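Peer 1:
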Amino acid sequence: MQDRKAIRRRRAGLVVFLALSIAILTAYFGESGGGFFHALQRGAQETFAPIETGASRALKPVRDLVGWVGDTVDAKDENAQLEREVDELRAELARTRTAQRDASQLKGLVGLHKEEGFPQGTKPVTARVIARSPNVWYSSIKIDKGSSDGVELDQPVIAASSDDSGPSAGGLAGKITRVTGGTAEVTLITDASIGVGAQVMPAGAAGVVRPEVGDPRDLLLDLVHGGRVTENAIVVTSGFKTAVGQSLFPRGIPIGRVTDVDLDEVEIYQRVHLRPFADLRRIDIVQVLTRRGTPAQTAGVFQP
Amino acid sequence: MRIGLGSFLRVGLALVLAVVLQLSTFSQMPILGGQFDIVVLVVAAVAYYAGAIPGCAVGFAAGFLLDLLSGATMGASSLVLTAVGYGIGRFREVRDPSHGLLPLAVGAVATGAWVLAFAAVSFMLDVGATVSPLVLRDMLVTVLLNTLLALPIFIGCRKLLRPVLAVDPLARSARRRPPRDTGPIGLRGLEI
Chain V
2 MQDRKAIRRR RAGLVVFLAL SIAILTAYFG ESGGGFFHAL QRGAQETFAP
52 IETGASRALK PVRDLVGWVG DTVDAKDENA QLEREVDELR AELARTRTAQ
102 RDASQLKGLV GLHKEEGFPQ GTKPVTARVI ARSPNVWYSS IKIDKGSSDG
152 VELDQPVIAA SSDDSGPSAG GLAGKITRVT GGTAEVTLIT DASIGVGAQV
202 MPAGAAGVVR PEVGDPRDLL LDLVHGGRVT ENAIVVTSGF KTAVGQSLFP
252 RGIPIGRVTD VDLDEVEIYQ RVHLRPFADL RRIDIVQVLT RRGTPAQTAG
302 VFQP
Chain R
5 MRIGLGSFLR VGLALVLAVV LQLSTFSQMP ILGGQFDIVV LVVAAVAYYA
55 GAIPGCAVGF AAGFLLDLLS GATMGASSLV LTAVGYGIGR FREVRDPSHG
105 LLPLAVGAVA TGAWVLAFAA VSFMLDVGAT VSPLVLRDML VTVLLNTLLA
155 LPIFIGCRKL LRPVLAVDPL ARSARRRPPR DTGPIGLRGL EI
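Set out below in structure tokens:
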């Protein structure tokens with residue numbers, strides 16, 4: 002008798018919590034951006050932002066340490082060099098590298114604004130990443146600047162490149178999708194919901210940049226038309242006006258470099274692959290372009 | 005688990021700490037494409053030590069908090085973590101395991117179930133983009149990383165929850181210990 006009661010209670014508990022989850026899921030999809038659960042999310046994020054900022058800053062050396070280990074495994078070709086770096090790994094060095102990394106990203110972002118073709122007068126706001134979505138299905142980050150700093154919905158966000166040897170200092174990282182007073186959420190261009198109108202330079206072919214979920218180093222340029230695309234060509238935001246409206250992104254922001262042009266894929270899917278300039282796996286500092294700016298006179302003229 | 009203010013505070017503290025650390029630190033530490041996922045480990049640990057009903061309640065709360073703070077679709081994580089918490093809790097109730105290294109296997113299974121079920125839910129919610137096969141590699145790496153982290157997380161949760169647990173996990177281990185086979189012949193096996 003007692004057992005049956007316990008079994009019934011246990012099963013009822015499971016059913017109640019599953020039903021609650023499904024009800025929340027359904028309500029979340031059914032409501033608008035200003036609905037109860039969206040408002041609750043904004044409120045909770047604003048409340049927890051100071052704690053997340055503190056934790057993020059305090060544990061940054063740990064992240065850098067682990068990130069360093071990850072990079073070591075990734076870079077098999079640089080094995081010997083990385084082995085030398087093992088000896089250099091000390092607490093002081095971790096702090097120094099943290100500062101160096103921040104400086105490098107800031108330098109890259111400054112360099113990006115000076116690049117030929119980058120839109121002028123965009124009034125960038127520099128922000129630090131304080132949190133990141135925990136899985137590959139939602140690709141977003143949270144930054145420590147919000148509406149009080151001039152950040153608004155749909156503004157483009159750029160990030161620096163991790164590769165200093167490349168010709169570009171960075172590129173488009175995403176757009177603002179949620180704003181509170183002191184924080185904002187950036188949906189990255191690797192998120193499944195994002196599509197960016199783009200143009201291949203100097204050929205002029207246009208298309209839409211879409212992500213390939215699970216591989217942040219590979220983007221797809223879909224629906225390519227209007228010209229022949231070659232490997233190593235630069236892809237920038239097109240800023241085109243269409244019947245639906247004007248693109249959110251001003252013309253001329255570098256997105257990435259074409260890495261793979263498979264003729265079969267081009268013919269069947271009108272699609273080529275590109276690698277983003279911005280290092281979307283490890284972003285610490287970003288810039289929000291709070292003003293649309295004007296396309297440079299030489300917009301889109303990049304040296305491949 | 006004895007329900008009371010103490011148990012709520014202890015479990016709540018563990019959940020908030022896990023979610024904040026996950027979002028502000030572990031999610032930003034990619035290793036071979038994967039990452040540590042401590043939220044599912046904390047849910048599995050609570051379910052493992054406290055049982056099925058606390059397991060699914062904690063799974064729901066952890067998922068709710070995770071979705072709330074990460075800006076993801078509300079309810080998706082709760083749905084999956086509720087099932088994971090219940091499953092691990094039932095395993096403990098039915099099998100009554102006591103081996104010291106079992107958290108490694110429990111952590112791996114819980115993480116595997118979490119990443120697979122969450123992927124399935126994401127597909128059902130219509131992912132409007134191409135999915136790379138590398139997702140599978142990332143899932144596998146996450147499971148392996150969590151297996152490494154499972155033991156310290158379970159030990160931490162056991163220490164935190166021990167005062168409010170109805171059955172002490174250490175007492176359970178002692179109960180399962182085999183009888184002593186040394187000493188005077190007449191006393192062997194009698195634990196005297």
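From first to last, the protein sequence lines stand for chains V and R.
Using my numbering, read the first sequence as starting at 2 and increasing by one per residue.
Using my numbering, read the second sequence as starting at 5 and increasing by one per residue.
A virtual CB, placed ideally from N, CA and C, is assigned to each residue, including glycine.
None of the values given here were measured: they were computed from a predicted structure.
1) Going along chain R in order, which residues have a C-beta closer than 9 Å to the C-beta of S33/V?
2) My output table needs one value for H114/V: the three-state DSSP class, helix, strand or coil.
3) Could you check how far apart the C-beta atoms of G2/R and L138/R are, in whole angstroms? I think they sit under 8 Å.
4) For my contact list, H274/V and D265/V are in at a C-beta cut-off of 8 Å; report their separation, rounded to the angstrom.
5) Which runs of the alpha helix (DSSP H) fall wholly inside the stretch 77 to 122 of chain R and span at least 4 residues, in chain order?
6) What three-state label does DSSP hand S11/R in the structure shown?
7) Does the stretch 17 to 26 of chain V come close enough to the stretch 83 to 97 of chain R to have 3 or more Cβ pairs within less than 8 Å?
8) Measuring only between beta-carbons, confirm whether Y52/R sits less than 9 Å from chain V.
9) Have a look at L220/V and A80/R and give me their C-alpha separation to the nearest angstrom.
10) Can you pull the chain R neighbours of N80/V, defined as C-beta to C-beta under 9 Å?
11) Can you give me the start and stop residues for the beta strand (DSSP E) that R218/V sits inside?
12) Whole angstroms is fine: what's the gap from A213/V's alpha carbon to V135/R's?
13) Can you find the residues in the same chain that come closer than 7 Å, C-beta to C-beta, to G112/V, ignoring five residues on each side of it along the sequence?
14) Rank L154/V, V236/V and F49/V by C-alpha distance to the C-alpha of R258/V and give the top, closest one.
15) Classify L105/R: buried if its beta carbon has 16 or more other beta carbons within 10 angstroms, exposed otherwise.
16) Does R309/V pass the burial test, meaning 16 or more other C-beta atoms within 10 Å, or should it be called exposed?
17) Measuring only the C-alpha atoms, how far is T191/V from K176/V?
18) Taking 9 Å as the threshold (beta carbon to beta carbon), is R276/V in contact with chain R?
19) So with Cβ pairs under 9 Å, would you call S11/R a contact of chain V?
20) Which residue comes first and which comes last in the alpha helix (DSSP H) that contains Q46/V?
21) Cutting at 6 Å between CB atoms, please list the residues of its own chain near P251/V, excluding the five before and the five after it.
22) Tell me whether T48/V is buried or exposed, calling it buried when 16 or more other Cβ atoms sit within 10 Å of its Cβ.
23) Mapping DSSP to helix, strand and coil, what is S169/V?
24) Between V145/R and the rest of its own chain, which residues show a CB-CB distance below 6 Å, the 5 nearest in sequence each way excluded?
25) What does T188/V pair with, by DSSP beta-bridge criteria?
Peer 2: Let me spell this out:
1) Ordered by position in chain R, no residue passes the 9 Å Cβ test against S33/V, which lies about 14 Å from the chain.
2) helix
3) The structure shown does not extend to residue 2/R, since chain R is modelled only from 5 to 196, so the question has no answer here.
4) Contact doesn't hold; Cβ gap of about 13 Å is too wide.
5) 80 to 99
6) helix
7) yes
8) no
9) 26 Å
10) Going along chain R, no residue has its Cβ under 9 Å from N80/V, so there is no contact; the nearest lies around 15 Å.
11) Looking at the DSSP string, R218/V is not in any beta strand (DSSP E), and its letter there is neither H nor E.
12) Looking at the sequence itself, residue 213/V is Glu, so the reference to Ala does not match. Distance between the alpha carbons of E213/V and V135/R is about 6 Å.
13) A170
14) V236/V
15) exposed
16) This structure gives no information on residue 309/V, because the portion of chain V shown stretches from 2 to 305.
17) 11 Å
18) no
19) no
20) F37 to A59
21) P120, G240, R293 and G294
22) Classification for T48/V: exposed.
23) The predicted model places S169/V with a pLDDT of 49, which falls under 50 and marks its position as unreliable, so this point remains unresolved.
24) Hits under 6 Å: L36, G37 and G38.
25) S141/V and K176/V
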